[in-house]
Each structure stands twice: as structure tokens, then as C-alpha cells.
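There are 2 protein chains.
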Amino acid sequence: MTTTTGTEASSAGSAAQRERRKRILDATIALASEGGFDAVQMRTVADDAEVALGTLYRYFPSKIHLLVSALDREFERAERRTAELAVPGDTPHERVMFILGRTTAALQKSPLLTEAMVRAFMFADASVAGEIHQVGTRLITMISRAMTGSPYHSQATEEEAAIVRVISDVWLAALVGWVTGRTTAEDVEKQIDVAVRLLLR
Amino acid sequence: MTTTTGTEASSAGSAAQRERRKRILDATIALASEGGFDAVQMRTVADDAEVALGTLYRYFPSKIHLLVSALDREFERAERRTAELAVPGDTPHERVMFILGRTTAALQKSPLLTEAMVRAFMFADASVAGEIHQVGTRLITMISRAMTGSPYHSQATEEEAAIVRVISDVWLAALVGWVTGRTTAEDVEKQIDVAVRLLLR
DNA sequence: ACAGAGGGTAGAACGTGTTTCAATTCTACA
DNA sequence: TGTAGAATTGAAACACGTTCTACCCTCTGT
């Protein structure tokens, strides 16, 4: 098993390899943005990224790995953009809603991309555990930061951690509902707001 | 579009058709129980149910429809078995945990069947909205009954309904984690317990 | 210089979900 | 009873994720 994996995936390997990896993820995101999950076809991704199909599979062992990795990269970028900023809002409720609201709005601007990534995330099986955990951790970190209001990793209590997990569950469920057309965009916001209000009181 | 669909799916059509539908779902559940999502292959289901592949697709337009319909039938049966019984427990928390705990335990007895159904449920796209909604409604009803403690549909308040939805989100998320090997069986129980405690206080 | 190894490429091949179609059987109704 | 239309069948074909094969570069250690 020589495949790059996990945390240091994007920094491992030669410059050419990092470049290939980037091209693959770029192509993935472009295709997903235009046509959603179904439009991300492995042959097309390989062509667009100018790598052979076999190479694509060497970097990402399945379509699901590929899309979840793309999701992780997007999250990582969003994280980096806002890591050192303090979250505005006077109460935990306000701050959490600010963060989730902004993230949700961003996702709703590219519905097809979101559909592709969310469906991959939900369909992932045990073999994608590493990537899934990575994304889950980022999500938890993001919400925790918003709750405490500090950009630094202040140690959360057991109870706070539990609350954060519940919020992330609700957020994902709402997102799935929206992606599959069962729920409107405003409903997502409202569902989260209700959950956060119930939990942070 | 003559396909049987939605609520009255199992009662519509001739006796022979109901019989075919039943055979198909039986075969689906048998295969899923033995080998999970991947073992439910459309050709095999058709063979086992003794219908042609085309007929299978007339009844269920995709593998996902098929599995979600199977999930719905299982839920419906569970519902019927317990519809008129009062839920034991002195507090909403106890009652909700009783119901979810028992259901979770039942699902954990057939891990592969559960894996197949849960993954189909989470992967479903907009075309499965009807079946998904059906299952979601059953789930909500079940939890509501447990919360109020009455077998009858006492009108829930806005707030109660919101709580129920959050609980069902958490339950599904925990189930997904378990199905994909990210979480142990006890964790599922614990996660739900924490969420219910946070919400019902 | 050279052999070997590892990654890359092109393309065929395989498995399974889905579609299609001609032929047959069933069902409802005049 | 006869017949039109719907449902079912069997089998082939298609699409796309995934795997496999044969070959080519480019390094690296001797």
C-alpha cells in the first residue's frame, strides 16, 4: 500500500505528484459543479486531469474516496480562510448559526457540487473511514470554535462535545434532505436553528 | 406511469401482482441479510423472486427504490406489531430510549441487512423522495408515540415535533456510523441517549 | 553504462445496474 | 368467445466503476 492517504496526503510525494493530485481534484470539482454525482465519471476525470485511468485509481482507490477527498479539500480551504478570525456573535447560538449559516449558504451556491460530495459522504463504507473521519473532525472543530467563540482550541467539556456532535448530525441530515430535494434551502437553516436553540439553552 | 407507488403500493394491483411484489421484497431481504448491499444484485433478485429482470424494474425502478421499499416494509411490520401496545417507561426519556433501543437492537441482529437498507436510504436521490418520506414519517410517528407515551396520535406541539426530528436525525447518523464501521454498537445507544437527555430536559 | 524498481500510460476486459425490444401470456371487456 | 391492450418474459445491449495487461520512462545504486 503506497497510496497517499490521510492527513498528509496533499503534502506527500514529489512536486509532480502533488500537481497531479491537484489536477485530479480540480477536475473532480469542476465536473461535480456542472453535473453532480453522476457527472463525475472516472474516465472523464482522468481525461480532464490528463492522467491515465490507472493513475487516477492509484491516487484515489474509488469514486467515493475521490469525492470525499474533494470535500475534505474544500473544507480545509474554508477552514484556512477563516481560522484566525474571531467568530462574530454574542451568544453561542448566534455564533454557531453564523458559521453554519455561512457554510450552508456557500454550499447552496453550488447545489450540484454539494449533491455530489454529500452523497459520496453518506454512501461511504468502512474503506473510506480515514477520509470520513478527517472531514468529521474538521466539522466538529468548526462548530466547537463557533460555540466557544475563540479561534483557539479551548478544551470542550464532555457535554459541549456531545452538543457539537448532535448539531453536526442535524446539519448533515438537513443537508441530505436538501440535496435530495425533500427540503428547501430555508428549511435547512430553520431546522438547524431549532436544533441549536434546543441544545444551547 | 402505471408503476405502483407510494402509500398504497402493497395493496394495489391484482393478487398475482401483490404476490410478485412480496416475492421480490422477500428475495431482496434474504439476499441483503446474507451479503449486504453488494449481494443484492438485480439479476439475482429477479431470479430468486422468479420474475424477469424487466418485471423487477417495472415494480421497482432502481436498486435504491427496491431497498428503501424493503426498509419501509420492515418498518411497517414492526409498527404493526407494536401499534396498540403502550410504551413502557415513566418519562419521555425512558420511553424514547426504550423504543429506539429496541429498534436498534433489532437492526443490529442483522448487520448486513441493516447495512444494505441504511446505505440505500442515505444514497437515495430525489427520485426516491416518496419512499424516503414514507420511511421518515414512520420513524417520526414511532418516536412521537414514545414521547407522548400514548398509542394514539395526540397532537404534538411545534417544539415536540422539532425535538422528534432532531432525535431521528441523530439516530440515523449514529446508525450510519455503525453500519460503516466507524462506531460500535454501544456507541450508537450512548450517542442517542446523550442526545435525548440534552433535548428532553 | 546498466539493471532493476516504481510510477505512469493506453487500452482492453470484466461486473453489475439499467435500458431496450420482440415475442408471449394474461386480463378485461364487448 | 374474441380481441385489444397491458403485463410479463428472455435475452441482448449499454453505461460506467473497477481491474488487468503490456509497455514505457525516469530515477537510483553499483
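In order, the protein sequence lines correspond to chains A and R.
The opening position of the first sequence corresponds to residue 1441 in this note's numbering, with each subsequent residue numbered one higher.
The opening position of the second sequence corresponds to residue 1441 in this note's numbering, with each subsequent residue numbered one higher.
A virtual CB, placed ideally from N, CA and C, is assigned to each residue, including glycine.
If you're wondering where the values come from, they're calculated on a predicted model, not measured in any experiment.
{"Check": "Every unbroken alpha helix (DSSP H) within the region 1499-1567 of chain A, with a cutoff of 4 residues, ordered by chain", "Outcome": "1503-1522, 1532-1549, 1551-1563"}
{"Check": "Whole-angstrom C-beta distance between L1471 of chain A and V1480 of chain A, which should lie under 8 Å", "Outcome": "5 Å"}
{"Check": "Local conformation of R1641 of chain A per DSSP, three classes", "Outcome": "coil"}
{"Check": "Minimum Cβ-Cβ distance from R1559 of chain A to chain R less than 8 Å", "Outcome": "yes"}
{"Check": "Host alpha helix (DSSP H) of S1584 of chain A (start-end)", "Outcome": "1569-1588"}
{"Check": "Contact set between F1563 of chain R and chain A, taken where Cβ atoms lie within less than 8 Å", "Outcome": "R1559, M1562, F1563"}
{"Check": "G1475 of chain A - containing alpha helix (DSSP H), residue span", "Outcome": "1455-1479"}
{"Check": "Selection of the region 1573-1587 of chain R by Cβ proximity to chain A, strictly under 9 Å", "Outcome": "H1573, G1576"}
{"Check": "Same chain, Cβ closer than 7 Å to V1527 of chain R, five either side skipped, listed in chain order", "Outcome": "R1535, F1538, I1539, R1585, A1586, G1589"}
{"Check": "Three-way DSSP call (helix, strand, coil) for A1486 of chain A in this model", "Outcome": "helix"}
{"Check": "Distance between T1544 of chain A and G1621 of chain A (C-alpha atoms, nearest Å)", "Outcome": "15 Å"}
{"Check": "Secondary structure of V1491 of chain A, DSSP reduced to three states", "Outcome": "coil"}
{"Check": "Outcome for K1503 of chain A when other beta-carbon atoms lying within 10 angstroms are tallied against a minimum of 16", "Outcome": "buried"}
{"Check": "Closer than 8 Å at the beta carbon, the chain R residues around T1620 of chain A", "Outcome": "A1564, D1565, A1566, V1568, A1569, I1572"}
{"Check": "Reduced DSSP category for A1625 of chain R - H, G, I as helix; E, B as strand; rest coil", "Outcome": "helix"}
{"Check": "Coil, strand or helix - Y1497 of chain R by DSSP", "Outcome": "helix"}
{"Check": "First and last residue of the uninterrupted alpha helix (DSSP H) at R1601 of chain A", "Outcome": "The amino acid occupying residue 1601 of chain A in the given sequence is Ala; Arg does not appear at that position. Element bounds for A1601 of chain A: 1598-1619."}
{"Check": "Neighbour list for A1613 of chain R in chain A, Cβ cutoff strictly below 7 Å", "Outcome": "D1609, L1612, A1613"}
{"Check": "CB contact check: A1648 of chain A to chain R, cutoff 8 Å", "Outcome": "As shown, chain A starts at 1441 and ends at 1641. That puts residue 1648 of chain A outside it, with no answer to give."}
{"Check": "7 Å Cβ shell around A1625 of chain A - same chain, five flanking residues per side excluded", "Outcome": "Q1548, W1618"}
{"Check": "Test: V1480 of chain R CB closer than 8 Å to a CB of chain A", "Outcome": "no"}
{"Check": "Pair within 8 Å by beta-carbon distance, V1508 of chain R and A1564 of chain R", "Outcome": "yes"}
{"Check": "Span separating the alpha-carbon of E1448 of chain A from that of L1640 of chain R", "Outcome": "Low per-residue confidence applies at E1448 of chain A: pLDDT is 41, beneath 50, and the placement is therefore not dependable enough to give any value."}
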